[in-house]
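Here is the structure we will look at, set down as structure tokens.
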DNA sequence: GTAACCACTTTCAAAAGTAAAGTAATGCCT
DNA sequence: AGGCATTACTTTACTTTTGAAAGTGGTTAC
């Protein structure tokens, strides 16, 4: 009766968590961009070609809610916001690099 | 002017390829199910709770087009169709297992 | 004073996803 | 012989998500 989540869905639960974090169309690009250190909103926008503001905002919010990034606001002028990977986020590096290698190898 | 794809987008191209394959809402679940061997359409439907027929069809077609699964039809009655991972598909196992471990570790 | 910078928000159309029912060929049961 | 089940999908109608573009508000450089 304890260990709820693991007991309840185990494998599939992990899968759900993963998909919620990296399943989105842009999440992986964002995480990838953040591997090289914290970034401001506009930096991310420039680093990820094709993304639009709305989606970047949404994904960042989702990632913050999922605990894989932190958002820090600076009362500068103009205002500055920095996004950083948490430990949980950083731990995705191995997985994403693996996927990445696969992608590089299999681009037809 | 040659080596088009690599030259044109390099890193980002690999990312696109990856997302096209595992970025869809259900792709990873399907690939995961196929790691344990070929499956029929209805087996996949049963193995992946929550998916609907239309989406399963769509994802399978997409995966076939992406060369990560093969589709084999048997003229039995009722007809049987088997889906199998290609080598390209199988090569995703390491990456997905990595992600998987992450998911298991960080399910809050 | 007006144009630009930053980090968003809003609006609306388009694309993607979901649910549920339908299709065609056959076999099994009664 | 009629009806139901099985398999692998289609089709239709609908909801949700995403995308493109313009707008907001405070400040500062020109």
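Protein chains in written order, with the UniProt record's numbering: chain P, 1 to 108; chain W, 1 to 108. Glycine included, every Cβ here is placed at the ideal spot set by N, Cα and C. All values derive from a computational prediction rather than experimental measurement.
Item	Value
Proximal residues to residue 51/W (C-beta, below 6 Å), its chain only, five neighbours per side dropped	26
Rounded separation between residue 162/W and residue 42/P - CA only	Outside the displayed range of chain W (1 to 108) lies residue 162/W, so it cannot be described from this structure.
Nearest-angstrom Cα separation, counted from residue 75/P out to residue 81/P	9 Å
Beta-bridge pairing of residue 80/W - partner residues as DSSP gives them	74/W
Rounded straight-line distance, which links the Cα of residue 87/P to that of residue 53/W	38 Å
Collapsed DSSP secondary structure at residue 22/P in the structure displayed	helix
Residue 29/W beta carbon less than 8 Å from that of residue 15/P	yes
Chain W contact for residue 17/P (CB, 8 Å cutoff)	yes
Residue-level contact to chain W via CB, residue 95/P, 8 Å cutoff	yes
Enclosing alpha helix (DSSP H) for residue 36/P [first to last residue]	Taken as a continuous stretch (DSSP letters only), residue 36/P belongs to no alpha helix (DSSP H), as it is neither H nor E.
6 Å CB neighbourhood of residue 73/P in its chain, flanking five on each side removed	81
Unbroken alpha helix (DSSP H) run spanning residue 99/P, endpoints	93-106
Any C-beta of chain W under 8 Å from that of residue 29/P	yes
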